[in-house]
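Quick note on this note's numbering: the sequence shown kicks off at 358 and runs consecutively. Each residue gets a CB set at the ideal place from its N, CA and C atoms; glycine is no exception. Note that this is a predicted model, so its numbers are computed, not measured.
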Amino acid sequence: MSFNESWFAGNATFGLQRISMKILRGQQLINLQLTNVFHGMLLSICFK
C-alpha cells in the first residue's frame, strides 16, 4: 500500500466515523425532542 492509499483509507474511515457520530447525535436530539413532546402531552392530559 502506498502512502497515498493509506492516507486516503485513513481519511475515509475518519470521515465515516465523523458522519456516524453526527447521525448518532442527530438521533439523540430527535429522541430528546420526542420525549419532551410525549411528556408534554402526558402532562396536559393529566392536568386537564
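Exercise. Nearest-angstrom Cα distance between residue 359 and residue 367?
Worked result: For the purposes of this step, residue 359 is taken as the residue at position 2 of the sequence shown. For the purposes of this step, residue 367 is taken as the residue at position 10 of the sequence shown. Cα-Cα distance, rounded: 12 angstroms.
Problem set entry | C-alpha gap between residue 399 and residue 384, whole angstroms | For this step, residue 399 is matched to residue 42 along the sequence shown. For this step, residue 384 is matched to residue 27 along the sequence shown. Rounded to the nearest angstrom, the two C-alpha atoms are 22 angstroms apart.
Exercise. Using the C-alpha atoms, what's the distance from residue 390 back to residue 377?
Worked result: In the sequence shown, counting from the first residue as 1, residue 377 sits at position 20. In the sequence shown, counting from the first residue as 1, residue 390 sits at position 33. Taking the straight line joining both Cα atoms gives about 20 angstroms.
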